[in-house]
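*Asks:*
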Amino acid sequence: MNRNLTHKTNLFFLFIGVFSFLFLWDIKTNFFEFRYLIILPLFTTILIFYSSNPIKIIADFGIPILIFIHLVILSFFLKYNLNERDFYGLIFFTIIFFVVTKNTDSIYRNLHTILNIFLILFIIGYLVFFLYSNSSFVFSCYNGWFFRTKFIFLENSHFAIISVPIINYYSLYFSEHKIFNKKDFVILFFAIVFMLISYSNFSTTFLVGLALSQMMILFKKYSNPKFFFFSVYVIIVCVITLFSYEQCSERSFGAIKPLKDFYYFKKSQNLSENEILKIGENKQFNKKFNDNYTKFRLKEKKSMSMSVETFVVSLEITRKSLFDKPFGVGFNKYYLSHSDYINKILLSDPHIKKNNIMDGSTNISKLITEFGIFGILIILSLLIFYFRNKKIKNLEFFLLSLISMQFLRGVGYFNGGFLFAYLLIFYKLIYYNNLNFMFIKQWQKY
Numbered sequence: 448m449n450r451n452l453t454h455k456t457n458l459f460f461l462f463i464g465v466f467s468f469l470f471l472w473d474i475k476t477n478f479f480e481f482r483y484l485i486i487l488p489l490f491t492t493i494l495i496f497y498s499s500n501p502i503k504i505i506a507d508f509g510i511p512i513l514i515f516i517h518l519v520i521l522s523f524f525l526k527y528n529l530n531e532r533d534f535y536g537l538i539f540f541t542i543i544f545f546v547v548t549k550n551t552d553s554i555y556r557n558l559h560t561i562l563n564i565f566l567i568l569f570i571i572g573y574l575v576f577f578l579y580s581n582s583s584f585v586f587s588c589y590n591g592w593f594f595r596t597k598f599i600f601l602e603n604s605h606f607a608i609i610s611v612p613i614i615n616y617y618s619l620y621f622s623e624h625k626i627f628n629k630k631d632f633v634i635l636f637f638a639i640v641f642m643l644i645s646y647s648n649f650s651t652t653f654l655v656g657l658a659l660s661q662m663m664i665l666f667k668k669y670s671n672p673k674f675f676f677f678s679v680y681v682i683i684v685c686v687i688t689l690f691s692y693e694q695c696s697e698r699s700f701g702a703i704k705p706l707k708d709f710y711y712f713k714k715s716q717n718l719s720e721n722e723i724l725k726i727g728e729n730k731q732f733n734k735k736f737n738d739n740y741t742k743f744r745l746k747e748k749k750s751m752s753m754s755v756e757t758f759v760v761s762l763e764i765t766r767k768s769l770f771d772k773p774f775g776v777g778f779n780k781y782y783l784s785h786s787d788y789i790n791k792i793l794l795s796d797p798h799i800k801k802n803n804i805m806d807g808s809t810n811i812s813k814l815i816t817e818f819g820i821f822g823i824l825i826i827l828s829l830l831i832f833y834f835r836n837k838k839i840k841n842l843e844f845f846l847l848s849l850i851s852m853q854f855l856r857g858v859g860y861f862n863g864g865f866l867f868a869y870l871l872i873f874y875k876l877i878y879y880n881n882l883n884f885m886f887i888k889q890w891q892k893y
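Shown next, in the form of structure tokens:
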């Protein structure tokens, strides 16, 4: 195949793959999921980089091989069998790792265009669907518009995982833009409409995530007056909205007191893990606890938000798992720790046992549970990048926002662009520029 044609084909496949992996991950059928389109550039990437020396490809799979070895060793010591899901997950991870790391420069050059295309297509699609489906605005932190219509995203919090990074990116982009042409004005118009759509479909994830991520960016960009005033305004609006809607406050600021009260209640019961297990088995013990818990509930005016408690329970599972299994339980094996510890945690609502079994409520929990101390290092590497770099580019803030949103509301590695964003940050900026592993660079030359 002509080399120029191969590059153009690879770029075309890369556009489709990245677009689908970032924005269409929530569209799933029994036969196909759009996020799998990220594999499209696989063969063209191989042709571009390895046509002259195919054996060299082995050197670029170091991290996937290490993750596989880590999983195999843990399966031996923790005595569990690997299943099809493990192998498919590792294969998918390896393909994404390969496609993203080998096409890093192309992705950075074209990501702005990909975001523009999504912005325009999404708004047109949203408005057409909204008008012809006889929809109405739903201001709710529980069952919002996306939850009811399933338009691209299954719920408002899933939409927030994408909308917050996009708002952050365009607010930075236009605050630094000096000369506007017609195309810029068109994109600015769509960006404003997108922000209005996002706010009209707010969720607790959106409001908390936007406020916190704007603070994160403001810490680095406070000298930009346009962004400073925009950011302060957005943070104030988010905080006011959180306090204005009871559903939202119950899942954010309002959850602090119920959490604290329930913590002291659990402490006052002074139950061991074995005693907690007996609550569902021993009727006499169960009655005693239920009487105490009923008195506690009558004393308290508000019950705890299930979403908040699920988040806290995920972290508690991680804490227990880290102490017992400091090297983790293995890639995509969070559910093993959930199974081991969920019945040893005192819950205000037993239905929480069924929540986020596979991935946890936050990717912080998932990373540390599955990789142990290595997971902590993976998270710390992000902080190293943030604090060591004086000048962080706008697209990098988009990637950081994507990752941060899934630290707040996790949907696994393969959804919401989490793995895509982390690989770009880790591989291009930390793996090479910051930590500067020269011996790895030398090794990859051969």
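Numbering (the numbering used here), first residue to last: 448 to 893.
For each residue, glycine too, the CB sits at the ideal point set by N, CA and C.
#1: Tell me whether residue 572 is buried or exposed, calling it buried when 16 or more other Cβ atoms sit within 10 Å of its Cβ.
#2: Which whole-angstrom value is the C-beta distance of residue 801 and residue 794, which I expect to be below 8 Å?
#3: Would you mind sorting residue 506 into buried or exposed? The rule is 16 or more other CB atoms within 10 Å of its CB.
#4: Report yes or no: do the region 601-612 and the region 829-836 share at least 3 C-beta pairs separated by less than 8 Å?
#5: What did DSSP end up calling residue 480 once you bin it into helix, strand or coil?
#6: When DSSP labels each residue in this structure, what does residue 621 get in the three-state scheme?
#7: Is the region 544-563 touching the region 451-464 in the sense that three or more CB pairs, one from each, lie closer than 8 Å?
#8: To the nearest angstrom, how far is it from the Cα of residue 512 to the Cα of residue 548?
#9: Excluding the 5 residues flanking residue 424 on each side, which residues of the same chain have their C-beta closer than 6 Å to its C-beta?
#10: Which residue wins for smallest C-alpha separation from residue 899, given the options 852, 830, 858?
#11: Comparing alpha-carbon positions, which option in 453, 471, 585 lies nearest residue 493?
#12: Using DSSP's beta-bridge definition, name the partner residues of residue 800.
#13: Specify the secondary structure class of residue 881 as computed by DSSP and reduced to three states.
#14: Can you find the residues in the same chain that come closer than 8 Å, C-beta to C-beta, to residue 841, ignoring five residues on each side of it along the sequence?
#15: Suppose you measure from the CA of residue 450 to the CA of residue 495; what does that come to, to the nearest Å?
#16: Spatial neighbours of residue 534 within its chain, please: C-beta separation below 8 Å, excluding the five flanking residues on both sides.
#17: Would you call the region 692-704 in contact with the region 648-660, where contact means no fewer than 3 C-beta pairs closer than 8 Å?
#18: Is DSSP giving residue 772 helix, strand or coil here?
#19: Quick one, which of 525, 526, 543, 519 has its alpha-carbon nearest residue 468's?
#20: Would you say the region 703-714 touches the region 659-671, given that touching needs at least three Cβ pairs under 8 Å?
#21: In the DSSP assignment, the alpha helix (DSSP H) including residue 806 goes from what residue to what residue?
#22: Given 8 Å as the limit, is there contact between the region 804-812 and the region 854-874, that is, 3 or more CB pairs closer than that?
#23: Look at the alpha carbon of residue 778 and the alpha carbon of residue 626, and state the distance between them as a whole number of angstroms.
#24: Please state whether the Cβ-Cβ distance between residue 776 and residue 525 is less than 8 Å.
#25: Going by the CB atoms, is the gap between residue 811 and residue 769 shorter than 8 Å?
#26: Would the beta-carbon of residue 720 fall within 8 Å of that of residue 780?
#27: Does the Cβ of residue 756 have 16 or more other Cβ atoms within 10 Å, making it buried, or fewer, making it exposed?
#28: Where does the unbroken alpha helix (DSSP H) through residue 787 begin, and where does it stop?
#29: Could you compute how far the alpha carbon of residue 566 sits from the alpha carbon of residue 484?
#30: Measuring straight from C-alpha to C-alpha, what distance separates residue 888 and residue 611?
#31: Within 10 angstroms of its Cβ, does residue 796 collect 16 or more other Cβ (buried), or is it exposed?
#32: Please report how far the alpha carbon of residue 784 lies from the alpha carbon of residue 595, in whole angstroms.
#33: At what residues does the alpha helix (DSSP H) containing residue 592 begin and finish?
#34: State the start and end residues of the unbroken alpha helix (DSSP H) segment that holds residue 512.
#35: Between the C-alpha atoms of residue 702 and residue 848, what's the straight-line distance to the nearest angstrom?
#36: How many Å lie between residue 574 and residue 597 at the Cα?
*Replies:* Looking at the coordinates:
#1: Against the sequence shown, residue 572 aligns to sequence position 125. With fewer than 16 other Cβ atoms inside 10 Å of its own Cβ, residue 572 counts as exposed.
#2: Walking along the sequence shown from the start, residue 801 turns up at place 354. Walking along the sequence shown from the start, residue 794 turns up at place 347. The beta-carbon distance between residue 801 and residue 794, rounded to whole angstroms, is 11 Å. This is too long to meet the 8 Å contact definition.
#3: Counting from one through the sequence shown, the residue named residue 506 turns up at place 59. Classification of residue 506: exposed, given that the 10 Å Cβ count is below 16.
#4: Too few Cβ pairs lie closer than 8 Å, so no.
#5: By one-based count along the sequence shown, residue 480 stands at place 33. Strand at residue 480.
#6: Looking up residue 621 in the sequence shown gives position 174. Looking at residue 621 - three-state DSSP - the assignment turns out to be helix.
#7: yes
#8: Here residue 512 refers to the residue found at position 65 when the sequence shown is read from its first residue. Here residue 548 refers to the residue found at position 101 when the sequence shown is read from its first residue. So the two alpha carbons sit approximately 15 Å from each other.
#9: Missing from the structure shown is residue 424; the chain here goes from 448 to 893 and no further.
#10: Outside the shown range of the chain (448 to 893) lies residue 899, about which nothing can therefore be said.
#11: Stepping through the sequence shown from its first residue, residue 493 is reached at position 46. Ranked by Cα distance from residue 493, the first of 453, 471, 585 is 453.
#12: Counted from its first residue, the sequence shown places residue 800 at position 353. DSSP output for residue 800 lists no bridge partner at all.
#13: On the sequence shown, residue 881 is found 434 positions in, with the first residue counted as 1. Confidence is the limiting factor: at residue 881 the pLDDT is only 49, short of 50, which leaves the residue's position unreliable, though a coordinate-based value still follows. DSSP places residue 881 within a helical segment (H, G or I) once states are collapsed to three.
#14: The residue given as residue 841 occupies position 394 in the sequence shown. Here the set comprises 616, 619, 620, 623.
#15: The residue you call residue 450 lines up with position 3 of the sequence shown. The residue you call residue 495 lines up with position 48 of the sequence shown. Looking at the backbone, the Cα of residue 450 and that of residue 495 are separated by about 8 Å.
#16: Taking the sequence shown and counting its residues from 1, the one referred to as residue 534 is at position 87. There are no such residues.
#17: yes
#18: Taking the first residue of the sequence shown as 1, we reach residue 772 at position 325. Residue 772: coil per DSSP, three-state reduction.
#19: Counting from 1 along the sequence shown, the entry for residue 468 is found at position 21. Checked all of 525, 526, 543, 519; the closest Cα to residue 468 is 543.
#20: no
#21: The residue you call residue 806 lines up with position 359 of the sequence shown. Segment: none, residue 806 is in no alpha helix (DSSP H) and carries neither H nor E.
#22: yes
#23: If you number the sequence shown from 1, residue 778 lands on position 331. If you number the sequence shown from 1, residue 626 lands on position 179. Rounded to whole angstroms, the separation of the alpha carbons of residue 626 and residue 778 is 47 Å.
#24: Start at 1 with the first residue of the sequence shown, and residue 776 comes out as number 329. Start at 1 with the first residue of the sequence shown, and residue 525 comes out as number 78. A contact, by the Cβ cut-off of 8 Å.
#25: Numbered from its first residue, the sequence shown carries residue 769 at position 322. Numbered from its first residue, the sequence shown carries residue 811 at position 364. If you check the CB distance, residue 769 and residue 811 do not come in under 8 Å.
#26: As a working mapping, residue 720 is identified with position 273 in the sequence shown. As a working mapping, residue 780 is identified with position 333 in the sequence shown. Not closer than 8 Å, so no.
#27: As a first step, residue 756 is located in the sequence shown; it is residue number 309 there, counting from the start. Flag for residue 756 reads buried.
#28: Along the sequence shown, read from residue 1 onward, the residue named residue 787 stands at position 340. Start and end: 781-788.
#29: The residue given as residue 566 occupies position 119 in the sequence shown. The residue given as residue 484 occupies position 37 in the sequence shown. In a straight line, the C-alpha of residue 566 is about 20 Å away from that of residue 484.
#30: For this step, residue 888 is matched to residue 441 along the sequence shown. For this step, residue 611 is matched to residue 164 along the sequence shown. Bear in mind that the predicted position of residue 888 carries a pLDDT of just 47, short of 50, making it too unreliable to give a figure here.
#31: For the purposes of this step, residue 796 is identified with residue 349 of the sequence shown, where counting begins at 1. By the neighbour-count rule (16 or more Cβ atoms within 10 Å), residue 796 is not buried but exposed.
#32: The residue given as residue 784 occupies position 337 in the sequence shown. The residue given as residue 595 occupies position 148 in the sequence shown. The straight-line gap from Cα to Cα measures roughly 33 Å.
#33: On the sequence shown, position 145 is the one that residue 592 refers to. From DSSP, the alpha helix (DSSP H) with residue 592 extends over 592-596.
#34: By one-based count along the sequence shown, residue 512 stands at place 65. Start and end: 509-524.
#35: One-based indexing of the sequence shown puts residue 702 at position 255. One-based indexing of the sequence shown puts residue 848 at position 401. Between residue 702 and residue 848, the C-alpha separation is close to 24 Å.
#36: Here residue 574 corresponds to residue number 127 of the sequence shown, with the count starting at 1. Here residue 597 corresponds to residue number 150 of the sequence shown, with the count starting at 1. Distance between the alpha carbons of residue 574 and residue 597: 14 Å.
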